[in-house]
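For the sequence shown, UniProt numbering assigns the number 1 to the initial residue and increments by one for each residue that follows.
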Amino acid sequence: MPTFDLRPLPAGQVQLHDARRKHRWTVHLEPFEIGAISVTTAQYAQLMGNSKTGSQVPLVDISWLEAIKLCNAASMNEGLAPAYIFEAGEVSWQTNATGYRLPTEAEWEYACRAGTVGPHYRPLDAIGWTANDKIENPKEVGQKLPNAFGLHDTLGNVWER
């Protein structure tokens with residue numbers, strides 16, 4: 001059984017920008033897959049051997065290094081070649097590996113926008129948990145409407161630093 005529920009995304013393009021430098025550019029993307037929901041604390045606990053069972057709330061407060069270790073653990077769980085190699089204190093991304101990896105910035109923007117160009121794809125209260133909901137902790141994943149690619153929680157619920 002696969003570790004994550006993935007959605008195949010078609011090839012496409014996304015416009016990125018650097019507000020500080022006032023620079024915009026277009027990135028062309030090959031087809032790729034991405035999780036339909038955020039990684040949950042339950043998935044993390046299962047893959048990383050954590051004694052806590054976790055829940056269906058999104059995983060928060062992990063470093064980039066912890067995130068890529070999770071990708072490798074998920075890959076090994078499914079018998080896939082890990083995407084990240086750790087050698088002499090360095091990390092390298094094996095672009096031809098079959099295992100899980102983090103999306104690039106362009107892939108994430110493309111997946112989140114799902115063909116739209118505005119700040120959000122439906123009324124905000126229908127697609128994401130925000131400060132207006134006055135919640136103190138993240139809600140379980142997948143409770144709001146998905147975007148056109150079938151991805152949930154691409155806006156709201158947790159704050160990214």
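C-beta atoms are modelled at their ideal positions from N, C-alpha and C, and glycine is treated no differently. No experiment lies behind these values; they were computed from the predicted model shown.
Taking 8 Å as the CB-CB limit, is residue i close to chain D?
| i | result |
| --- | --- |
| A11 | You won't find chain D in this structure, because it holds only one protein chain. |
Taking only the alpha-carbon atoms, compute the straight-line gap between residue i and residue j and give it to the nearest angstrom.
| i | j | result |
| --- | --- | --- |
| Y3 | P58 | Note that residue 3 is Thr in the sequence shown, not Tyr. Answer to the nearest angstrom: the Cα atoms are 15 Å apart. |
| E140 | S55 | 8 Å |
| Q143 | A88 | 42 Å |
| V60 | V158 | 8 Å |
| D5 | D153 | 14 Å |
| T41 | P138 | 11 Å |
| Y110 | N50 | 32 Å |
Which residues in the same chain as residue i place their Cβ atom closer than 7 Å to its Cβ, once the five residues preceding and following it in sequence are excluded?
| i | result |
| --- | --- |
| A97 | A81, P82, A83 |
According to the neighbour-count rule (16 or more other Cβ atoms, all chains shown, within 10 Å of its Cβ), is residue i buried or exposed?
| i | result |
| --- | --- |
| R113 | buried |
| Q94 | exposed |
| L65 | exposed |
Quick test of your reading: residue i and residue j, contact by CB under 8 Å. State the CB separation rounded to the nearest angstrom.
| i | j | result |
| --- | --- | --- |
| G115 | R7 | At roughly 13 Å, the Cβ-Cβ gap does not stay under 8 Å, so G115 and R7 are not in contact. |
| P123 | I34 | At roughly 23 Å, the Cβ-Cβ gap does not stay under 8 Å, so P123 and I34 are not in contact. |
Near residue i, what residues of its chain come up, given a Cβ to Cβ distance below 8 Å and the 5 sequence neighbours on each side ignored?
| i | result |
| --- | --- |
| A73 | L47, M48 |
| M76 | P82, G99 |
Short of 6 Å in beta carbon distance, which residues of its chain neighbour residue i, apart from the five on each side in sequence? Order them along the chain.
| i | result |
| --- | --- |
| I68 | Y84 |
| G156 | G128, W129, T130 |
| H28 | Q13 |
3 or more residues per run - each beta strand (DSSP E) lying fully within the UniProt domain "Sulfatase-modifying factor enzyme-like" (22-160):
Runs of the beta strand (DSSP E) inside the UniProt domain "Sulfatase-modifying factor enzyme-like" (22-160): 23-29, 32-35, 84-87, 90-93.
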